[in-house]
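Asks:
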């Protein structure tokens with residue numbers, strides 16, 4: 671078990687390093703961006719121009735996850751879904767602007783824009799944690815993913831965000847898939863029907879099904895009990911989504927397919943669970959001279 675854990679951890683680190691390499695390269699050499707001070711409530715100092723650096727993008731990026739958790743605890747599941755829709759909509763707008771202009775500053779700005787929206791709409795959920803605490807949260811979440819990947823046998827090529835686990839509690843049929851594709855809905859249908867198959871697109875494996883054993887069922891139930899839970903708790907179909915508020919592919923999935931998944935949740939046919947997999951936010955942390963040393967091996 672120890673050897674398998676080390677292998678999966680190595681795969682996880684390798685995948686994360688690849689996932690954050692692009693944004694790390696893009697923002698590392700950017701000069702600080704000066705943004706006018708916001709008049710909206712925030713945990714950050716106001717009254718002077720805000721300097722947007724990779725450090726701030728990391729801080730606000732992790733802060734966005736804390737905000738999602740806070741809104742869930744204070745206002746419930748529906749408010750959480752609405753918040754995710756909003757912050758991913760903001761990210762999507764900035765990503766479109768980047769794709770149209772090739773201006774890399776958009777990649778650095780959107781975590782801050784998301785946080786400013788969150789702090790404005792939910793000032794009670796604006797936090798100002800120390801960098802060490804933020805780093806500890808990120809590394810704790812990554813260690814959790816390592817354990818989940820080990821126990822469920824998730825291969826390294828699927829350890830990205832969004833990461834979905836579809837679980838039928840009646841027959842233990844489980845699907846694991848990653849990426850911003852509609853295959854999650856096929857996985858739901860296959861799990862309902864009790865079918866096990868491999869999900870591919872143009873020859874690329876995007877996910878696969880298996881029948882979870884008793885140990886794996888226990889692991890999945892642990893994920894469910896510790897996650898942000900929305901919808902009909904009695905539904906036999908559980909969709910677990912591991913996400914990062916800064917993940918471009920999560921934003922794309924939310925914009926393209928989030929409404930369809932939300933309808934399944936609100937109709938009661940799917941029980942939805944959200945967990946934290948901080949992939950993209952590492953790009954900012956690893957581009958920060960103060961954060962990167964604390965992240966250690968996750969920055970390569």
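Numbering (the numbering used here), first residue to last: 671 to 970. The beta carbon of each residue, even a glycine, is placed where N, CA and C say it ideally should be.
Which ranges does the beta strand (DSSP E) cover as unbroken runs of at least 3 residues, wholly within the segment 767 to 839, from first to last along the chain?
Replies: 833 to 838
Asks: So does the segment 954 to 962 actually touch the segment 925 to 938, counting three or more Cβ pairs closer than 8 Å?
Replies: no
Asks: For the beta strand (DSSP E) containing residue 850, list its first residue and its last residue.
Replies: No beta strand (DSSP E) holds residue 850; DSSP gives it neither H nor E.
Asks: What does a CB cutoff of less than 7 Å around residue 900 pick up in its chain, not counting 5 residues either side in sequence?
Replies: 747, 750, 751, 935 and 942
Asks: What does residue 898 pair with, by DSSP beta-bridge criteria?
Replies: 944
Asks: Return the Cβ separation of residue 878 and residue 868 in integer angstroms, given the expectation that the two are a contact with Cβ distance under 8 Å.
Replies: 5 Å
Asks: Going by DSSP, what residues sit across from residue 750 in a beta bridge?
Replies: Partner(s): none; residue 750 has no beta bridge.
Asks: Within a Cβ cutoff of 7 Å, which residues of the same chain sit near residue 842, ignoring the five residues on either side of it in sequence?
Replies: Only 881, 882 and 887 meet the Cβ criterion.
Asks: How big is the Cα-Cα spacing for residue 767 and residue 916?
Replies: 16 Å
Asks: By alpha-carbon positions, which one of 825, 725, 840 and 875 ends up nearest to residue 904?
Replies: 840
Asks: Starting from the N-terminal side, write out each stretch of the alpha helix (DSSP H) that is 4 residues or longer and does not extend beyond the segment 910 to 968.
Replies: 918 to 936, 951 to 955 and 962 to 965
Asks: Distance check for residue 902 and residue 937, CA to CA, integer angstroms please.
Replies: 8 Å
Asks: Here's the rule I'm using: 16 or more other beta-carbon atoms within 10 Å means buried, otherwise exposed. How should residue 737 be labelled?
Replies: Answer is buried; the Cβ neighbour count reaches 16.
Asks: So, does the segment 760 to 775 touch the segment 891 to 899, judging by three or more C-beta pairs under 8 Å?
Replies: no
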